[in-house]
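Data block below; observations after.
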Amino acid sequence: MKRFSRQWYCKFIAYLVILGMAAAFVLSFLTIAGKVSDPSAFESKTYADSSVCADELARVINNVMVMQYDYINEDNVRSGGAVDEYNLYRNLFDGSAYSRYRDNYYDEQRAKEDTYGTDAYATESPSPADLNVSIGVMQQHPDWEMFEDGVFVRYLSEHPEAVENARQSIINEQLRNFQRVQTFLNSVSGQFAFSSYRAETNSRLENTAGASIQKMPIYAQYDLLEDSIVVYKDGEAKRWMDFSGYAYTSFYPSRDGYAIQPSDALGVGIYPEYLAEREQEWAQDHRTTTDCVVIMVASVILALACFIYLCIVTGRVPDETQVHLCLIDRMYSEVHIALIIALLCVFPALLEGTMRMPVTDIAPIAVPAVCGVLAAGMPLLLSLMRSLKARRFIRSFAIGRLCIRFAKWVARSVRSVWNGGGLMARGMLVAVLAPLLCMFWFTIPFIIAGAIFVTYRTISKFQRIQEGVKQVRGGNLDYKIDVEGGDLGALAQDINTLSEGLESAISSEVKAERLKTELISNVSHDIKTPLTSIVTYVDLLQNELAKDEPDREKEREYVGVINQKTQRLRVLTTDLFEAAKATSGAMTVTLEQVDVSALVRQGLGEFDDKLRDAELDVRVRMPEQAAFIHADGRLVWRIFENMLSNVVKYAMHGSRVYLDVTRGHGMVTLVMKNISAYELNVPAEELMERFKRGDESRSSEGSGLGLSIATSLAQLQHGIFDIEVDGDLFKATLSMPEYRPDFTEK
């Protein structure tokens, strides 16, 4: 079926069918216009049931009413009895003659005001009683708004002929309208019978010739009080109409209302002979109109279906899927559109000369004109359709090609700036393009959506970078930021690279520190063995020299020095070994309940002699309740021993030492303060380093490892050891977790 529908002869047949249906449509339309006396016959089957019948009855009623209530007779019109005084003066007031008079008057008054002052208006306003005007009309109708204008009253006094001229003009117009109404009523005398009675003048207007209107098949009565028309068929009311919608002959100047009495009556009927003639004519018109309308509708539907078929198969050939373009398709679409517009302009020009011709003579001109326009226009429309199906509709326009090239150039430029430039270049690009695009209101929603999308992507990238920096700052060097593309992607990559470099550096530093610690530990262990032998042999020499031999005094002195230096080397080696073990974490820690008060008392007891020799006065303050910590008693004692040893070695002789024990925030804090015997010219951070001593001359005893060892031992027990230096005041603080029965190591 698809193969058959794409054959050229099928397309040609559809093309001819469209032209044939167009010709049939035009001929049917001309048939209705030429042979049907009333095209509205299509709406109903009978004349009596149509709105045309009601309209004709309403028209007769309207003319009868105008004759009966407006004009009465020709003598009344000629004498001016039908003239409405209000409309007479209203038209004078609104007329151009008075408008010019008023403008000139006010110009004169303004000139007098400039010359004589503001009193000119008051002195120039006349009284109606002093003017030569129709005082009777003004006294009868003092509420008429036009008489409140003193300038209008002056105009009437200066131009009394204006009223009479306007009255005569109205009378002449009413005489012409009277003749029209009378001619119309005479023309329908053989078709419509009418009868009108007016009680106010006891006058009757009728042409029934003794016939009864109520006995006619179709008649209408006008209800003067309700202002409506009731149409009767065979004595039964069939239609009600508002009279205001059928006032065909409201000739100027018709009154706004009539002096209607309840006894007034007005009726119009259709003679049976005329009704039968109209019914026969109506039936013929109805059949003709119905047939022509059916042909016109069928023609439109069939032509539309053929045109849709041509639009679908145009450019298609059997056994191929691509759209084939013709020679005409190479023309720019602007040319096609211009030719179509030209055909639409030529078509009315071709039919312009037929407006005054009989309908029967129009067909030989109209049918070829319509078919010629369609025959020339359809190939142009189908060419546009082929361009649309081939997806080159925009490119088929010359302006479209220029726009596409310009859009591609702009897109390349924007892409180059966006991809190659930095944030500054992108920001400037957005600042330039956004106002330009906002000039078109329909682009604003797209710009807002694009801004939201770009902002969301940028903020999400920034948040991921921010989270990555936070992770790296927290020590998670394995965290990688997943951001790609653009400047933020490059920044994320730099941060990832920095994390890798930092992780490598830290690993190298940790490895070097571990190797150094192992070296110190191994060397210390290797030194301890020969040092133990040296100490042993020194003890033996001292025992031999202890005998009373006066000639060996020098040997005793030398051995004493060797023993002193050996003991100091032994202490240094021990401290170095402990420092290495504490730093590397290789030391065994057993956390248990430790009484701080007992620890303080034990330490002061063991160092009592040394404190007395140094003339140090120790002031101790401890809480009333016992303070227990969760720690290793052996390691805590080592820390406290170092603190007391530092006091003995470096505190000023004869000074006080303050030792305070406090509890709070889940910690027990031991603070020891003393005055240094040496000038402390180094920061507290440096004193915490290994081999750093308070006396720069290094003449005092000590290895410089005590504070470093204390710090490492405190950290192993989840505590904190810190020192502060304020001038010569030295303050050492040890904070350890307070013991609780439910304490668990984290």
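The number in my numbering is simply the position in the sequence shown, starting from 1, with 6 added.
Just so you know, even glycine gets a beta-carbon here, dropped at the ideal spot from N, CA and C.
For the beta strand (DSSP E) that contains residue i, what are its first and last residues?
i	result
S754	The structure shown does not extend to residue 754, since the chain is modelled only from 7 to 752, so the question has no answer here.
L665	662–670
S234	234–239
S209	209–212
Y225	224–229
R160	Element bounds for R160: not the beta strand (DSSP E) but the alpha helix (DSSP H), 156–164.
V32	Careful: V32 lies outside any beta strand (DSSP E), inside the alpha helix (DSSP H) at 14–41.
Identify the residues that DSSP records as bridge partners of residue i: which are they?
i	result
L617	DSSP lists no partner for L617.
H636	Q599
F198	I276
A243	Y238
N680	F736
A657	S682
What would DSSP say about residue i, mapped onto helix, strand or coil?
i	result
M302	helix
I729	strand
V674	strand
N110	helix
D61	helix
N79	coil
M485	Going by the sequence as given, residue 485 is Tyr instead of Met. In this structure, Y485 counts as coil in the three-state DSSP scheme.
S402	coil
I100	Correcting the residue identity first, residue 100 is Asp in this sequence and not Ile. Reduced to three states, the DSSP call for D100 is helix.
A271	strand
H292	helix
V688	coil
L605	helix
V323	coil
Y258	In this predicted model, Y258 has a pLDDT of only 32, less than 50, meaning its place in the structure is not dependable enough to derive any value.
R397	coil
E490	coil
E287	helix
E206	coil
E630	coil
D623	strand
E49	coil
S85	coil
S218	coil
A282	helix
A498	helix
A128	Legend: pLDDT at A128 = 45, less than 50; position of this residue unreliable, value from coordinates given subsequently. Helix.
R746	coil
Y338	coil
Q721	helix
Q328	coil
M363	coil
T594	coil
Starting from residue i, trace the alpha helix (DSSP H) in both directions and tell me its first and last residue.
i	result
A54	From DSSP, A54 is part of no alpha helix (DSSP H); its letter is neither H nor E.
V187	167–193
F459	450–479
Check this for me: beta carbons of residue i and residue j, under 9 Å apart or not?
i	j	result
S658	I681	Before going further, note that residue 658 is Met rather than Ser in the sequence given. Closer than 9 Å, so yes.
M678	K737	yes
I276	P354	no
F646	L740	yes
F35	H292	no
Y75	R204	yes
A29	C332	no
E340	A437	no
I501	V475	yes
V420	V379	no
G321	L349	no
R106	F158	no
S218	L272	no
V489	K395	no
V663	V602	no
L386	A375	no
C312	V23	yes
A88	Q180	yes
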